[in-house]
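What follows is a short report on a single structure.
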Amino acid sequence: MRHGLMWYLCGLGSNIRPETNLPCAVAELAMRYGTLWLSPVIRTRPEGMMTPHAFLNALVVLRCELSPAALKLEFNALEEQMGRNRSDPQSRYSDRPIDVDILESSPRRHFTGRGIHESYYCALFHDTGSQPTVTLCLNGQSLGQAPATIYWNESTGHEVIVEQGKQLQYDTAKPTLPG
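The numbering used here numbers the first residue of the sequence shown as 1054 and each following residue consecutively.
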């Protein structure tokens, strides 16, 4: 369902092969929705579930014309495509290859943080730098250490491009966030 162009602040998490699954999900989101703005990636302890497996988490900002409900359906399909069993009534408390949640939406690329309830996403949103970052590899490119702009570049042979670092401070997820 088309909704008009909206900006979405989303949370990404994985605790099953997260070093592989998180970059795969980022690449898939870039192919589907164009340019993404990705926060640093952090390793976190599970909240609200009993598992010994740590998560890798990040925030991602994207824009599209889908309504929040339609976008969530697409995220659910991506989760299932990557191996999550959403039909299990306990899936919310189970380890997962990928979890993609809409935290906030905005027509103007401004987020308040009021939709964020998980402590690790709050730390990323407010850029507290309280947790060490994790370096991941996406198509031979590093991501996760700093905010990054990620996009699908068809002119270079259909590849995902990662631009990470201080030079992107005015074109990354951070300026979409207050502070």
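Beta carbons are placed, not taken as given, at the ideal position from N, Cα and C, and that holds for glycine.
- Boundaries for Arg1167: no alpha helix (DSSP H) harbours it, and the DSSP string shows neither H nor E there.
- Close CB contacts of Cys1175 within its chain, under the 6 Å cut and outside five residues either way in sequence, are with Ile1169 (chain order).
- Distance between Val1113 and Asp1141, taken at the CA atoms: about 26 Å.
- Taking Arg1070 as the centre and dropping the five residues before and after it, the same chain places the C-beta of Pro1150 closer than 8 Å to its C-beta, in chain order.
- DSSP places Val1079 outside any beta strand (DSSP E); the residue lies instead in the alpha helix (DSSP H), whose first and last residues are 1071 to 1086.
- The C-beta of Tyr1173 has 16 or more other C-beta atoms within 10 Å across all chains shown, which makes the residue buried.
- Excluding the 5 residues flanking it on each side, Arg1139 has same chain C-beta neighbours closer than 7 Å at Asn1129, Glu1132, Glu1133, in chain order.
- By the Cβ neighbour-count rule, Thr1202 is buried, with 16 or more other Cβ atoms within 10 Å of its own.
- Judged by their CB atoms, Glu1171 and Glu1100 are nearer to each other than the 9 Å cut-off.
- Asn1068 carries a coil assignment under DSSP once its states are collapsed to helix, strand and coil.
- Between the alpha carbons of Gly1087 and Ala1107 lies a gap of roughly 29 Å.
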